[in-house]
Each structure stands twice: as C-alpha cells, then as structure tokens.
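Each residue of the sequence shown is one higher than the one before, starting from 300 at the first, in the numbering used here.
Every residue gets a Cβ at the ideal spot worked out from N, C-alpha and C, and that includes glycine.
The structure presented is a predicted model; accordingly, all values stated were derived computationally and were not measured.
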Amino acid sequence: MKIVVLDGYTLNPGDIDWNGFKKLGELVCYDRTTTKKEETAKIIDRIADADAVITNKTPITREILDSKPKVKYIGVLATGYNVVDVDAAREKGVVVTNIPTYGTTAVAQFVFAHLLEFCHHVAHHAETVKNGRWAKSEDFCYWDYPLIELAGKTMGIIGFGRIGQTVAGIAVAFGMKVLAYDEYVDKSRETDSIKYASLDDALAKSDVISLHVPLFDSTRGLINKSTIARMKDGVIIINTSRGPLVVEEDMVEALESGKVAGFGSDVVEVEPIAPDNKLPRTRNCHITPHIAWAPKEARIRLMNIAVDNLAAFAKGSPVNVVNK
Ligand code: NAD
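What follows is the structure in structure tokens.
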C-alpha cells in the first residue's frame with residue numbers, strides 16, 4: 300500500500316515519529332502541499348498513485364476525486380473533516396476517517412487559556428512588572444483592566460459534544476453555571492450546574508459563550524450581527540471550533556462598539572490568517588494560530604489513532620468513518 304501524507308509538518312515537526320505508518324506500507328510524507336482549494340493540480344499530482352491519502356488541512360475536493368486517483372482511503376489528521384468533500388468521496392467508494400477524540404482535553408484546556416487571559420491579562424501585567432512599573436508604584440498593587448471572577452457566572456456552550464462537555468466540567472470547577480445547546484439533548488448529562496437550553500436562551504443568558512459545534516452548512520455564520528444582538532452586553536466569546544462559525548466583520552463591529560467585551564479565537568475563516576484580516580488589530584480580540592490541538596501529548600495520541608484507523612481499514616473493518 301502506498302501512503303501519501305500531504306501535510307505532515309504540523310502534526311510532526313520532528314518531535315514524534317512516523318514509524319506506525321511505515322509499518323503499514325510505503326510512506327511518502329510531504330511537510331506541506333497547499334491549503335488552497337484552487338491549487339488542485341499540485342494535490343492531484345502528489346496523490347496520483349496513492350492508495351491511502353493522509354491530510355490535515357490540504358483540501359480534497361470533488362474535482363480532485365473526479366481526476367480518478369487510485370485512492371481508496373482518506374485519513375484526516377484532525378477531528379473536523381470539512382477539508383474533504385465527504386459526499387463526493389462516498390459516491391466514489393472512498394472511505395474517509397477522522398480522529399474523534401485525541402484533543403478533547405487539550406482543546407477544553409485551551410478555552411480557559413483564552414478565557415483567563417480576559418479575566419486577568421497575566422501576560423500584560425507581568426510585562427509591566429518586567430518594565431519596572433511595580434517597583435515605582437505608590438501602591439502595593441495595580442491593574443490595567445477590570446479583573447473578572449468566573450464563579451457565579453454563566454457559560455453558554457454551543458455544541459455539547461465531547462469538547463463541549465469537557466469544557467462544562469472545567470467551568471463547573473470554576474463555580475460557573477452552564478447552559479448547553481445541542482441539537483441532540485441527553486438529559487442524563489444535566490446536573491445542578493449544567494442544564495440544556497435553547498440556542499436563544501444560551502445566547503441571551505450567558506456571560507461567556509464557547510463554540511463547539513462542528514462546521515456544517517447549518518452552523519456556518521452562527522455568530523452574526525443578529526445572534527450577537529441577542530447576547531448580554533459585555534459578553535465574552537471563545538471560538539476553538541472553526542472560524543466560519545463566526546461572521547468576522549460582524550464580530551469586528553461588535554468588539555468596536557463594546558457589545559462583545561472579548562473575543563478569543565483559535566481559528567479564523569481563512570487559515571493561515573489573511574494579512575488584511577481586521578480581527579487581530581481589533582480591541583479586546585485575541586487570535587491564536589490554531590494551536591488548541593497541538594500539545595505534544597495530544598499529537599502523539601493523534602498519530603497513534605491515525606495509524607490505527609489505517610490499519611483497521613487495511614484489515615477490512617474501518618473505524619472512525621465519517622462518510623458511511
Ligand atoms: P463532537 O462531534 O463530539 O461534538 C459536536 C456537537 O455539536 C455534537 O454534540 C453535535 O450534536 C452538535 N451539533 C452538530 N451540529 C449542530 C447544530 N447544527 N446545532 C447544534 N448542535 C450541533 O465534536 P468535538 O470533539 O466536541 O469537536 C467539536 C469541534 O471542535 C470539531 O468539529 C472541530 O471543528 C473543533 N476542534 C478544534 C480543534 C482546534 O485545534 N482548535 C481541535 C479539535 C477539534
């Protein structure tokens with residue numbers, strides 16, 4: 300079996316190994332190919348004689364699958380699999396798998412890295428101390444932003460799946476109440492502190508909103524001018540799911556007006572971010588370069604599951620298939 304990894308660098312910049320895949324076949328591993336859907340020729344050329352294609356963010360479009368590559372298997376090195384046209388793959392009998400659970404705890408932890416930055420601005424205050432301001436201060440303390448205590452506040456979790464539920468557990472540990480919105484309701488997940496709510500209620504009653512729905516047509520643009528208008532003034536929004544869940548120009552406007560007091564996002568509509576994207580230069584907006592998934596512990600789990608997925612496919616009983 301010939302296995303082509305189209306963009307292996309972000310999973311493994313050199314601190315873990317590809318040996319699991321090497322045991323399954325002949326491995327060709329490119330650090331990167333392209334993230335642009337238009338650059339199909341380069342992608343087609345690289346996968347032309349591959350039996351199995353492994354991609355993280357290199358798009359596999361209908362046009363690519365129509366070019367009649369030999370490929371029978373596409374392994375996505377991520378939870379979100381919107382880079383692959385799964386309908387086109389299904390029609391052509393190509394199995395597509397994802398990695399459902401490797402990053403749940405890492406992403407949930409990262410939600411709070413963003414949130415706590417808005418609560419305390421640790422890096423900013425440490426910088427002022429480094430620059431000598433505390434040593435010259437008349438008072439024993441000072442702060443440059445309102446400091447926020449989370450206990451007693453409400454977090455709206457939009458998408459109460461694996462990551463959403465893990466975020467809820469941490470929020471409760473901080474003393475928060477949780478309003479969970481999901482299209483599937485499982486009342487057994489409710490506790491004294493965690494209750495299901497309608498989307499409207501979760502948006503309207505939350506001090507913090509954390510996005511965990513996948514990117515589907517039904518969720519694209521979910522956070523827009525009109526849904527933001529229904530939120531509390533001064534809401535903090537965290538997006539660690541997918542950039543296009545948020546209409547970016549509406550978010551810029553809401554941050555500039557102060558309606559949204561903080562937007563922490565690990566993802567943007569176009570990645571890598573476009574040089575003229577206004578978000579990073581908008582007040583109270585912190586954008587990180589899609590790193591929630593990337594602690595080494597999580598990447599090792601991801602690599603092991605990706606290898607297991609391909610091994611299961613090779614044995615004729617594929618697992619983690621997203622286009623049945
Ligand atoms: P999951 O499938 O366990 O949970 C998603 C939840 O969303 C499910 O409960 C589902 O019922 C719900 N849902 C789907 N469509 C909905 C809709 N239209 N309305 C309401 N609810 C809807 O997925 P997960 O493991 O929690 O991951 C969530 C997302 O996080 C992934 O899709 C991926 O995009 C993103 N992610 C980001 C990173 C990162 O590094 N930033 C890493 C891993 C995952």
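As assigned by DSSP and simplified to three states, the class of residue i
i, result
"Val621", "coil"
"Lys341", "helix"
"Ile457", "strand"
"Thr396", "strand"
"Ile315", "coil"
"Val382", "coil"
"Lys301", "strand"
"Ile493", "strand"
For residue i, the first and last residue of its enclosing alpha helix (DSSP H)
i, result
"Lys241", "Nothing can be reported for residue 241: it is not among the residues displayed for the chain, which extend from 300 to 623."
"Val551", "Glu547 to Ser556"
"Val569", "Val569 -> no alpha helix (DSSP H), and no H or E assigned at all."
Beta carbon proximity, residue i to chain D, threshold 8 Å
i, result
"Arg600", "Within the model displayed, chain D is absent; a lone protein chain is all it includes."
Extent of the continuous beta strand (DSSP E) to which residue i belongs
i, result
"Ala351", "Ala351 to Thr354"
"Val559", "Val559 to Ser564"
"Ser509", "Val507 to Leu510"
"Lys486", "No beta strand (DSSP E) holds Lys486; DSSP gives it neither H nor E."
"Cys328", "Glu325 to Cys328"
"Cys584", "Cys584 to Ile586"
"Cys535", "Correcting the residue type first, residue 535 is Ile in the shown sequence and not Cys. First-last of the beta strand (DSSP E) with Ile535: Val534 to Asn538."
"Ile447", "From DSSP, Ile447 is part of no beta strand (DSSP E); its letter is neither H nor E."
Ligand 1 heavy atom lying under 7 Å from the CB of residue i
i, result
"Tyr483", "yes"
"Pro513", "yes"
"Asp565", "yes"
"Arg529", "no"
"His589", "yes"
"Thr309", "no"
"Ile373", "no"
"Arg598", "no"
Neighbourhood of residue i by C-beta distance below 6 Å, restricted to the same chain and skipping five residues each side
i, result
"Asp384", "Thr360 and Arg361"
"Val551", "Lys577 and Thr581"
For the pair the segment 315-325 and the segment 598-611, tell me if three or more CB-CB distances fall below 8 Å. yes
Check whether the segment 577-594 touches the segment 403-419, counting contact only when three or more Cβ pairs, one atom from each stretch, lie closer than 8 Å. Yes, they touch.
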